[in-house]
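Single-structure report; data block below.
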Amino acid sequence: MSTATKTVLKPLDDRVVVKTLEAEQTTASGLVIPDTAKEKPQEGEVLAVGPGRLDDSGKRVALDVKVGDVVLYSKYGGTEVKYDNEEYLVLSSRDLLAVVEK
Amino acid sequence: MSTATKTVLKPLDDRVVVKTLEAEQTTASGLVIPDTAKEKPQEGEVLAVGPGRLDDSGKRVALDVKVGDVVLYSKYGGTEVKYDNEEYLVLSSRDLLAVVEK
Amino acid sequence: MSTATKTVLKPLDDRVVVKTLEAEQTTASGLVIPDTAKEKPQEGEVLAVGPGRLDDSGKRVALDVKVGDVVLYSKYGGTEVKYDNEEYLVLSSRDLLAVVEK
Amino acid sequence: MSTATKTVLKPLDDRVVVKTLEAEQTTASGLVIPDTAKEKPQEGEVLAVGPGRLDDSGKRVALDVKVGDVVLYSKYGGTEVKYDNEEYLVLSSRDLLAVVEK
Amino acid sequence: MSTATKTVLKPLDDRVVVKTLEAEQTTASGLVIPDTAKEKPQEGEVLAVGPGRLDDSGKRVALDVKVGDVVLYSKYGGTEVKYDNEEYLVLSSRDLLAVVEK
Amino acid sequence: MSTATKTVLKPLDDRVVVKTLEAEQTTASGLVIPDTAKEKPQEGEVLAVGPGRLDDSGKRVALDVKVGDVVLYSKYGGTEVKYDNEEYLVLSSRDLLAVVEK
Amino acid sequence: MSTATKTVLKPLDDRVVVKTLEAEQTTASGLVIPDTAKEKPQEGEVLAVGPGRLDDSGKRVALDVKVGDVVLYSKYGGTEVKYDNEEYLVLSSRDLLAVVEK
Numbered sequence: 025m026s027t028a029t030k031t032v033l034k035p036l037d038d039r040v041v042v043k044t045l046e047a048e049q050t051t052a053s054g055l056v057i058p059d060t061a062k063e064k065p066q067e068g069e070v071l072a073v074g075p076g077r078l079d080d081s082g083k084r085v086a087l088d089v090k091v092g093d094v095v096l097y098s099k100y101g102g103t104e105v106k107y108d109n110e111e112y113l114v115l116s117s118r119d120l121l122a123v124v125e126k
Numbered sequence: 025m026s027t028a029t030k031t032v033l034k035p036l037d038d039r040v041v042v043k044t045l046e047a048e049q050t051t052a053s054g055l056v057i058p059d060t061a062k063e064k065p066q067e068g069e070v071l072a073v074g075p076g077r078l079d080d081s082g083k084r085v086a087l088d089v090k091v092g093d094v095v096l097y098s099k100y101g102g103t104e105v106k107y108d109n110e111e112y113l114v115l116s117s118r119d120l121l122a123v124v125e126k
Numbered sequence: 025m026s027t028a029t030k031t032v033l034k035p036l037d038d039r040v041v042v043k044t045l046e047a048e049q050t051t052a053s054g055l056v057i058p059d060t061a062k063e064k065p066q067e068g069e070v071l072a073v074g075p076g077r078l079d080d081s082g083k084r085v086a087l088d089v090k091v092g093d094v095v096l097y098s099k100y101g102g103t104e105v106k107y108d109n110e111e112y113l114v115l116s117s118r119d120l121l122a123v124v125e126k
Numbered sequence: 025m026s027t028a029t030k031t032v033l034k035p036l037d038d039r040v041v042v043k044t045l046e047a048e049q050t051t052a053s054g055l056v057i058p059d060t061a062k063e064k065p066q067e068g069e070v071l072a073v074g075p076g077r078l079d080d081s082g083k084r085v086a087l088d089v090k091v092g093d094v095v096l097y098s099k100y101g102g103t104e105v106k107y108d109n110e111e112y113l114v115l116s117s118r119d120l121l122a123v124v125e126k
Numbered sequence: 025m026s027t028a029t030k031t032v033l034k035p036l037d038d039r040v041v042v043k044t045l046e047a048e049q050t051t052a053s054g055l056v057i058p059d060t061a062k063e064k065p066q067e068g069e070v071l072a073v074g075p076g077r078l079d080d081s082g083k084r085v086a087l088d089v090k091v092g093d094v095v096l097y098s099k100y101g102g103t104e105v106k107y108d109n110e111e112y113l114v115l116s117s118r119d120l121l122a123v124v125e126k
Numbered sequence: 025m026s027t028a029t030k031t032v033l034k035p036l037d038d039r040v041v042v043k044t045l046e047a048e049q050t051t052a053s054g055l056v057i058p059d060t061a062k063e064k065p066q067e068g069e070v071l072a073v074g075p076g077r078l079d080d081s082g083k084r085v086a087l088d089v090k091v092g093d094v095v096l097y098s099k100y101g102g103t104e105v106k107y108d109n110e111e112y113l114v115l116s117s118r119d120l121l122a123v124v125e126k
Numbered sequence: 025m026s027t028a029t030k031t032v033l034k035p036l037d038d039r040v041v042v043k044t045l046e047a048e049q050t051t052a053s054g055l056v057i058p059d060t061a062k063e064k065p066q067e068g069e070v071l072a073v074g075p076g077r078l079d080d081s082g083k084r085v086a087l088d089v090k091v092g093d094v095v096l097y098s099k100y101g102g103t104e105v106k107y108d109n110e111e112y113l114v115l116s117s118r119d120l121l122a123v124v125e126k
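In C-alpha cells form, the structure reads like this:
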C-alpha cells in the first residue's frame, strides 16, 4: 500500500484526506476481493489529518485516526478531488466508520 | 452462533460491527422462523464495539452493548460491507433497538 | 389482557417494547370497538422498558411508563418485529402519546 | 360545552387531550359560525393535561393551559383517536396557539 | 385603524394575534397603495401578545412588540383564523419582521 | 447613493432593511456593470438596523453592519416589501455576506 | 498567482472571499491539469477573511485560513459575485475543505 504517497492538501477542521484503495488490490485482511464484489470497496488510506473541530469551550477535539490508517468510510460522504492523475477524497471524520486492522 | 468470527474492523465513535444472523437459523429465543418470515430478521451479533462518542465535556460515553450480544437493529440504519465473503453491517449505536436475551 | 406474555427483547436507551392490542378485543375502557373502527387501534401493552436516555450530565432519564401500562402511540413511530408468531413494536418513548387508564 | 366528558387518556410529557368542538355549535365568543365557515374550526376543549416536558436540568415545565380551557390549535398537529364513538386529538402543547377566552 | 377591535384570543408562548390591514386602506406611512400593489400587504395590527417563550433558565423572554403596533410579517408564517366574520392571524414572534412606524 | 432615503420600518431582532441598488448605477467600486451582468446585483444599502438577537444569557448581540453600509446579500434571503413605490428587502443579518467598501 | 488582486468586499462573520483559480493554470503542486479534468477545479485563493463567528460566550472564533492561502472548497457552497469582470466566491469557512500547500 502506498503510504509514501504525498499529498499537497492540509485538511481543515475535522477533515481527513483519504486515498481510495483500488478494488483490484488485496484487502487489508489479505484476501483478494472477487470481481463480483468490486463495486463497493469504500476502503481508503488516510494521507492527512486535520487539527480537529473546536468544541464549545474552544478546545480542539483530536481525531481518532492517524496518517497511514486504513479506514472504512461512508459511501456518500466526502468531496472527490484529483491531483496529478490521482483521486483523493476529503472527508469529515464523521463519515469514517471504522479502522481496518492490518 | 459464531461468536468466534473475527473481524478486522475496529469501529470508530459510537459505532458497532454486526454480523447479520441468517434467517434459516433458529432465533435467539429458540424457535425456528418459518420461511414466510424470512424477509425481515434485522437481528445480528455484535462483533466489535467502538469507544463511544465524546459528550460535551469531552468524556467518552460507553456503549450499552458488548461483543457477543445479539441485537435487534433498525432496518434502514448502517452501512453494509463485505470481507472474505461475509457480510457485515457497521451501525451507529443509535440504530440499535434492543438486546435479544438468550 | 396478556400481561403474562414474556418478551426476549431488552430495549436500549429510551425505547419500549409494545404488544399491539388487537382490534377485536374490547378497549381498555371496556367498550367494544365496532368493526368500522378496526383500522386504527394504536393501542398497546408495554412489555419491556429501556433504562432511559442519558441526559447532558450523563444521568439516565427514567421513563414515564412501566411494564403493564396500556399506551396510545403514534401510528408512524416504531419498528415492527415478529417473534414466535407474535408481532411486537419497538418504540422510542417519544412516540408514546398517553397512558390509557384502566 | 361538555366539560363533564371524561377521558381515559392520561397524556405523557407536554401533551394534551383535546375534544374538538363541532362546527354546528356556537363559538366561544357566542356567535354562530355560518355553514360556509364550517371547514376550519381548529377549536377544542382541553380534557387532560400532561405533566410537562423535562427541561435540561431535569425539572418539569408546567403547561400554560388547564383542563376546561378552550384552545385554538394548529390544524396539522396532533394524532386523532376515537374512544366510545367520540373523536379526540392528542396534541403537543407546542401545537396550541391560543386560549379562547369565554 | 381599528385599535378598538377586541379579540377573544389569548396567545400562548411567543405568539401574537394580528389583524391583517386591508389593501384598500392607506398604508401606515400615509400613502395610498395603488391597485397594482394590492396583492402583498403583509401588514397588520397587533391585537394581543403572548407572555413570551421560556428561555433555558426558565424565564419568560418578553416580546418586542406591543398591542397596537403595526407590524410587517412573513407572508408564509402563521395560522389564519376567523371569528365573527373577521380574519385574524396567529403568528410566532419569529415571523414578525419589523414594526411600521406611524 | 441615496443615504437620505428614510424608511418607516423599524426592524426586529437581528434584521436589517436594505434598499436594493439598481443595476444601472455604477457599483460601489466605481465601475459600470455592463448590461450582460445586470441580472445579479445582490447589492444594497442598509437603511435600518435591528437591536440584535438575544443570546442564551439574554443579552443583545449587536449587528456588524450600520446604517449607510453597502452590503452584499444572499440572493434567496429576505422578504421583499414595497412602500411608496420603492422596493425594500427585510433581511436577517445571517443573510448578509460582506460589506462593500467605498 | 495573483495575490495582488484587491477586493472591495469585507466578509462578515466566518466568511471568506475567494478568487477561483482558472483551470488553464498549473495547480498549486506545479502540475498542469489536462483538459479533460478542467470541469472541477474547486481551488481558489483567499482574498479576504471575515472576523469569525461569535461563540456562545460572545468571543470571536478566528478563522483557520489567511489571505493568500490557496484553498480547496466544496463545489456547492458559497455565493458567486462579479466585480470588474472578475468572478469571486463568498464562502462560509465551513465550506473550506483544505489548504493546498505550496
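Residue numbers (the numbering used here), protein chains in the order written: chain G, 25 to 126; chain U, 25 to 126; chain C, 25 to 126; chain W, 25 to 126; chain F, 25 to 126; chain R, 25 to 126; chain E, 25 to 126.
We put the CB at the ideal spot given by N, CA and C, even for glycine.
Sheet register partners of residue i (DSSP bridge)
i	result
residue 121 of chain U	According to DSSP, which records beta bridges pairwise, residue 121 of chain U is partnered with nothing at all.
residue 112 of chain E	E:43, E:105
residue 87 of chain E	None; residue 87 of chain E has no bridge partner.
residue 35 of chain G	E:122
residue 97 of chain E	E:120
residue 78 of chain U	U:84
residue 92 of chain R	Residue 92 of chain R is not bridged to any residue.
Distance between residue j and residue i (C-alpha atoms, nearest Å)
i	j	result
residue 45 of chain E	residue 83 of chain G	33 Å
residue 57 of chain R	residue 112 of chain R	The predicted model places residue 57 of chain R with a pLDDT of 46, which falls under 50 and marks its position as unreliable; any figure quoted below should be read in that light. When rounded, the distance between both Cα atoms is 21 Å.
residue 103 of chain C	residue 121 of chain U	9 Å
residue 77 of chain W	residue 125 of chain R	49 Å
residue 49 of chain U	residue 96 of chain C	Residue confidence for residue 49 of chain U is low, a pLDDT of 45 falling below 50, so the modelled location carries little weight; the figure read from the coordinates is stated next. Rounded to whole angstroms, residue 49 of chain U to residue 96 of chain C spans 34 Å at the Cα level.
residue 66 of chain F	residue 67 of chain W	25 Å
residue 110 of chain U	residue 81 of chain W	46 Å
residue 152 of chain C	residue 85 of chain W	There is no way to answer for residue 152 of chain C, as the model of chain C reaches only from 25 to 126.
residue 123 of chain C	residue 123 of chain E	56 Å
Contact under 9 Å by Cβ, residue i with residue j
i	j	result
residue 101 of chain G	residue 79 of chain G	no
residue 33 of chain G	residue 107 of chain G	yes
Supposed contact pair residue j and residue i - C-beta distance, whole angstroms, cut 8 Å
i	j	result
residue 87 of chain R	residue 40 of chain R	7 Å
Candidates the options, of which the one nearest residue i by Cα
i	options	result
residue 90 of chain R	R:74, R:109, R:98, R:67	R:74
residue 93 of chain W	W:114, W:110, W:70, W:81	W:70
residue 105 of chain R	R:38, R:99, R:115	R:115
residue 98 of chain G	G:109, G:72, G:117	G:117
residue 72 of chain C	C:123, C:38, C:110	C:38
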